[in-house]
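Trainee:
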Amino acid sequence: MNKKNFITLKDFSKHQLIDLVNLAEEIKSYPQDFSSFLSGKHVGLLFQKPSLRTKTSFYLGAQQLGAGAIYYDPEEIRLGQREEIRDVSRTLSQYLDIAVLRTFFHQDILEFVRFSSIPVVNGLTDLLHPSQIIADLLTLKELKGRIEEIKVAYIGDMNNVCSSLMNAFSILGGNLRIAAPRQCFLKPEIISQMEAKFNESGGSLVISSSPEEAAEGADVLYTDVWASMGKEQEIKQREKIFKNFQINDKILKKAKKDNIVMHCLPAHRNQEISDSVFEGDNSVVFLQAANRLHAAKAILVFIWDK
Ligand code: CP
Ligand code: NVA
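This is how it looks when you write it as structure tokens:
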């Protein structure tokens, strides 16, 4: 079998990315057609960080595709501590057919991939969260139609979710406005590379420190936590830096009337998103969560498909 991995959306062409989202949509509509796709196979979930949605989606998703699923508790494996990553990778390659990893450092998943003879899925690293974005693209397709025709405002930390969102939009030709505190901007060379990709695909990327400007006329408002997993101890300091980067009623008013509000979850109410917006009529966060399952299944099918 030709080994495929799902590590970064950067690996995808526009055509491939659209196909993957369409596959997720098809699996959502006709789950039975895929119920034995991974029959007799085994998917292992090796997570260094907590997870509700990603764990459930890949675990259940594997089972719904006919595979067996194993979840390894972070404390049980202590990847890289109890045993070197390359040894864990080569050992699991003897038993499993697909590995889904959530690591603190992106470098660690790359190390695992280097030694693995089975396909590897990125279930989140400090750098990227591509499986989340497949679910989000499905959600956007269902609620807003063509990506090229909408304007999405991401307000908050330029983190793993934001980076994968940028990757996807730069490939698809989407229009993305990011508002983040200046000290949290990605490195200028990364932003320049991104801008070049957006230009190539006919999309647009605007990065500023003004949530109001970003939200003006937006179809979609998206946010994520101010302190990602592994940075929780910085929250006091981050609360100060990010205090003006909350999606609240004032920001909502700047967006189009029929805007939708997205959050990958878990959410911290009244930090990055006000309670009223989180619970309000525009919020689609639980549809996003629901779509994680269909997206996870599509990723497993994609990765296994020859
Ligand atoms: N959105 C997301 O990845 O959630 P979990 O961290 O709970 O998996
Ligand atoms: N940026 C968040 C996403 C959680 C799904 C984190 O890395 O903790």
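Last residue of the sequence shown: 425 in our numbering, with the numbers rising by one and none dropped. Just so it is clear, CB atoms sit at the ideal spot from N, CA and C, and this is done for glycine as well.
Counting only runs of 4+ residues fully inside the segment 175-236, write out the alpha helix (DSSP H) ranges in chain order.
Mentor: With a minimum length of 4 residues, the continuous alpha helix (DSSP H) runs that stay inside the segment 175-236 are 193-196, 204-214 and 225-234.
Trainee: Within the segment 240-313, note down every full alpha helix (DSSP H) run reaching 4 residues or more, in order along the chain.
Mentor: 249-263 and 279-291
Trainee: Run the CB neighbour count on N278, radius 10 Å, all protein chains shown included, and call it buried at 16 or more, exposed below.
Mentor: Indexing the sequence shown from 1 puts residue 278 at position 159. It counts as buried.
Trainee: What's the C-alpha gap between N294 and D338?
Mentor: Residue 294 sits at position 175 when you count from the first residue of the sequence shown. Residue 338 sits at position 219 when you count from the first residue of the sequence shown. Cα to Cα, the separation comes out at about 10 Å.
Trainee: Between the segment 369-379 and the segment 327-342, can you find at least three pairs of beta-carbon atoms closer than 8 Å?
Mentor: yes
Trainee: Short of 6 Å in beta carbon distance, which residues of its chain neighbour K168, apart from the five on each side in sequence? Order them along the chain.
Mentor: For the purposes of this step, residue 168 is identified with residue 49 of the sequence shown, where counting begins at 1. R221 and M348, listed in sequence order.
Trainee: In angstroms, rounded to a whole number, what distance separates the CA positions of Q251 and H382?
Mentor: By one-based count along the sequence shown, residue 251 stands at place 132. By one-based count along the sequence shown, residue 382 stands at place 263. Cα to Cα, Q251 sits roughly 10 Å from H382.
Trainee: Below 8 Å between beta carbons: does that hold for A414 and L257?
Mentor: Translated into positions along the sequence shown, residue 414 becomes position 295. Translated into positions along the sequence shown, residue 257 becomes position 138. Contact: yes.
Trainee: The beta strand (DSSP E) that contains S148, what's its start and end?
Mentor: Looking up residue 148 in the sequence shown gives position 29. Segment K133 to S148 is the alpha helix (DSSP H) holding S148; no beta strand (DSSP E) there.
Trainee: What does the Cβ neighbour count give for Y273, buried or exposed, with the cut at 16 atoms within 10 Å?
Mentor: Here residue 273 is taken as the residue at index 154 of the sequence shown, counted from 1. In this structure Y273 is buried. Its beta-carbon is surrounded by 16 or more other beta-carbon atoms within 10 angstroms.
Trainee: Anyone know if the C-beta pair for P238 and K416 falls short of 8 Å?
Mentor: Position 119 of the sequence shown, counted from the first residue, corresponds to residue 238. Position 297 of the sequence shown, counted from the first residue, corresponds to residue 416. Not closer than 8 Å, so no.
Trainee: Out of curiosity, what's the CA-to-CA distance linking R233 and R209?
Mentor: Taking the first residue of the sequence shown as position 1, residue 233 is located at position 114. Taking the first residue of the sequence shown as position 1, residue 209 is located at position 90. Those two C-alpha atoms are separated by around 10 Å.
Trainee: Going by DSSP in three states, M120 sits in which element: helix, strand or coil?
Mentor: Residue numbering aside, residue 120 sits at position 1 when the sequence shown is read from its first letter. Here M120 scores only 47 on pLDDT, less than 50, and its place in the model is too uncertain to base an answer on.
Trainee: Within the present structure, is the beta-carbon of D255 separated from the nearest heavy atom of the ligand NVA by less than 7 Å?
Mentor: Position 136 of the sequence shown, counted from the start, is the residue given in the question as residue 255. Checking the Cβ of D255 against the ligand NVA gives no.
Trainee: What is the residue span of the alpha helix (DSSP H) that V404 lies within?
Mentor: Counting from 1 along the sequence shown, the entry for residue 404 is found at position 285. V404 -> alpha helix (DSSP H) spans V404 to W423.
Trainee: Rounded to whole angstroms, what is the Cα-Cα separation between E261 and N410?
Mentor: Numbered from its first residue, the sequence shown carries residue 261 at position 142. Numbered from its first residue, the sequence shown carries residue 410 at position 291. Cα-Cα distance, rounded: 10 Å.
Trainee: Please confirm whether any heavy atom of the ligand CP lies closer than 7 Å to the CB of Q200.
Mentor: Here the question's residue 200 lines up with position 81 in the sequence shown. No.
Trainee: Are the beta-carbon atoms belonging to F156 and V420 less than 8 Å from one another?
Mentor: Residue numbering aside, residue 156 sits at position 37 when the sequence shown is read from its first letter. Residue numbering aside, residue 420 sits at position 301 when the sequence shown is read from its first letter. Yes, the pair counts as a contact, with Cβ atoms nearer than the cut-off.
Trainee: Where M120 and I422 are concerned, what is the direct C-alpha to C-alpha distance, given to the nearest angstrom?
Mentor: Locating residue 120 in the sequence shown gives position 1, counting from the first residue. Locating residue 422 in the sequence shown gives position 303, counting from the first residue. Since pLDDT at M120 reaches only 47, below the 50 mark, its modelled position is unreliable, and no value is offered.
Trainee: Quick check: does the Cβ of L262 come within less than 7 Å of any heavy atom belonging to the ligand NVA?
Mentor: As a position in the sequence shown, residue 262 is number 143, starting the count at 1. Checking the Cβ of L262 against the ligand NVA gives no.
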